[in-house]
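In this note's numbering, each residue's number is its place in the sequence shown (first place is 1) plus 1166.
Yeah, the Cβ is synthetic: ideal placement off N, Cα and C, and Gly gets one too.
Single-structure report; data block below.
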Amino acid sequence: MSSKLDRLMQLKGAIAAGEFTADGKLVEYKGPLSKEIAKMVAIMCAANSLMGKIQAEGFTKFSGMKRTPFHGCAVAAGDYAVCVWATTGYSWK
């Protein structure tokens, strides 16, 4: 996974990249974040991914419009943004 995280860190503006499990455990990360912050971000990414999956499945079921499988999400707030694809994400400013 390190090579994937290294590639993500090369993206313009990237400040961190990481891998997490579906239940929010931090697997690995790169960047100047403390391990405590990286763990919190892993939980946030897993929670947002679960919410996106639930929304995609519900919308598909009730509308008949195919919105699954859920692949990822992006969240932007303040000066930062996080992009998540499956169980890998990166943050940029």
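*asked:* According to DSSP, is THR1226 part of a helix, a strand, or is it coil?
replied: By one-based count along the sequence shown, residue 1226 stands at place 60. Correct three-state label for THR1226: helix.
*Would you call the CB atoms of ALA1208 and PHE1225 closer than 8 Å?*
Locating residue 1208 in the sequence shown gives position 42, where the first residue counts as 1. Locating residue 1225 in the sequence shown gives position 59, where the first residue counts as 1. Result no, Cβ atoms of ALA1208 and PHE1225 do not sit closer than 8 Å.
_Selected residue, minimal CA-CA separation from TYR1246, among GLN1176, TRP1258, GLU1202, PRO1198_ = Position 80 of the sequence shown, counting from 1, holds the residue named residue 1246. Per the Cα distances, TRP1258.
*Those runs of the beta strand (DSSP E) which lie wholly inside the stretch 1175-1216 and span at least 3 residues*: 1180-1186, 1192-1196
*Do you know offhand how far PRO1198's Cα is from MET1231's?*
Within the sequence shown, residue 1198 is the residue found at index 32, counting from 1. Within the sequence shown, residue 1231 is the residue found at index 65, counting from 1. Cα to Cα, PRO1198 sits roughly 41 Å from MET1231.
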